[in-house]
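Just below is one structure, and these are the notes that go with it.
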Amino acid sequence: MGIAPKITYARGPNGLTLQTAPISGIQWADAKVGSGESPQLGSTASIDYSMASTAGRFPSIYSTKDVGQPYRWKLGDGSTIKGIELAILGSEEEGIPPMKPGGVRRVIVPASLGYISLIQQSGSLSPGSKNKKCLPDNEGSIGPIPPKDASDGAYQRWYQFYCNPRIPYQPDLVLDLKLYGKRGAR
138 MGIAPKITYA
148 RGPNGLTLQT
158 APISGIQWAD
168 AKVGSGESPQ
178 LGSTASIDYS
188 MASTAGRFPS
198 IYSTKDVGQP
208 YRWKLGDGST
218 IKGIELAILG
228 SEEEGIPPMK
238 PGGVRRVIVP
248 ASLGYISLIQ
258 QSGSLSPGSK
268 NKKCLPDNEG
278 SIGPIPPKDA
288 SDGAYQRWYQ
298 FYCNPRIPYQ
308 PDLVLDLKLY
318 GKRGAR
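Sequential numbering from 138 applies to the sequence shown in my numbering.
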């Protein structure tokens, strides 16, 4: 019998003290505060991220750093999970400061701000059905989604946690985000 990792494991090794937003429950800590102007709604964001889950024996899922291709999208266009956008744009109401280019932030995203809408939008799925919203770059999909052809099985791990109709809940996501400036260059 395996023991599922707890959220506290995510903050232990790196010594970050996570803060919790009072309304959404998102948790964050800045490992490095960037500089310059924070991105605004409607601007293009470019991030490197490492994704892990708070469940499973092997919680690590995927990292863009491994493939050298940052994740890019237009802030507010609905193509990215709400938890990442909240972590980058910040919220005065929640007490979350916006990220600045060059910043690195650890974020624990509750299921309500993650991929839960992929299952909810698809209605009642039978385990054998194919949810096209769970495919990268497909209409209606919400990213970031690891590529299906990732050699390390990242897509399969992500799918099992976040798009599997057989699992009645989704674990929180642990993300390390690095925000790039306007060019998105490495």
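Each residue gets a CB set at the ideal place from its N, CA and C atoms; glycine is no exception. The structure presented is a predicted model; accordingly, all values stated were derived computationally and were not measured.
*asked:* Quick check: the Cα distance between D256 and G162, rounded to an integer number of angstroms?
replied: Sequence check: residue 256 is Ile here, not Asp. Rounded to whole angstroms, I256 to G162 spans 21 Å at the Cα level.
_Residue from G290, P284, Q293 and P305 whose Cα sits closest to the Cα of Q206_ = Closest by alpha carbon: P284.
_One question on the structure: do L361 and G213 come within less than 8 Å of each other, judged by their Cβ atoms?_
In the structure as shown, the chain begins at 138 and stops at 323. Residue 361 is therefore absent and cannot be evaluated.
*Taking the alpha carbon of L178 as the point to measure from, which residue in L250, S228, G280 and T154 has its own alpha carbon closest?*
It is S228 whose Cα lies nearest to the Cα of L178.
*asked:* For F195, count the other beta carbons within 10 Å of its own beta carbon; 16 or more makes it buried, fewer makes it exposed. Which is it?
replied: A residue is called buried when at least 16 other Cβ atoms come within 10 angstroms of its Cβ; F195 does not meet this threshold and is exposed.
*Based on the DSSP output, what are the partners of A224 in its beta bridges?*
Residue pairing from DSSP leaves A224 without any beta-bridge partner.
_Per DSSP, what are the beta-bridge partners of W295 in this structure?_
Under DSSP, W295 shares a beta bridge with no residue.
*From which residue to which residue does the beta strand (DSSP E) around D274 run?*
First-last for D274: undefined, no H or E at that position.
*asked:* Suppose you measure from the CA of T157 to the CA of E231; what does that come to, to the nearest Å?
replied: For T157 and E231, the distance between alpha carbons rounds to 9 Å.
*Where does K219 fall in DSSP's three states?*
The answer is helix: DSSP assigns K219 an H, G or I state.
*Classification of R303 by the beta-carbon crowding that lies within 10 angstroms, buried from 16 upward*: By the 10 Å Cβ count, R303 comes out exposed.
*So the beta strand (DSSP E) M188 belongs to, where does it begin and stop?*
For M188, the uninterrupted beta strand (DSSP E) segment begins and ends at T181 to S190.
_Which listed residue (K237, C300 and I282) has its alpha carbon closest to that of S172_ = By alpha-carbon distance to S172, the top candidate from K237, C300 and I282 is K237.
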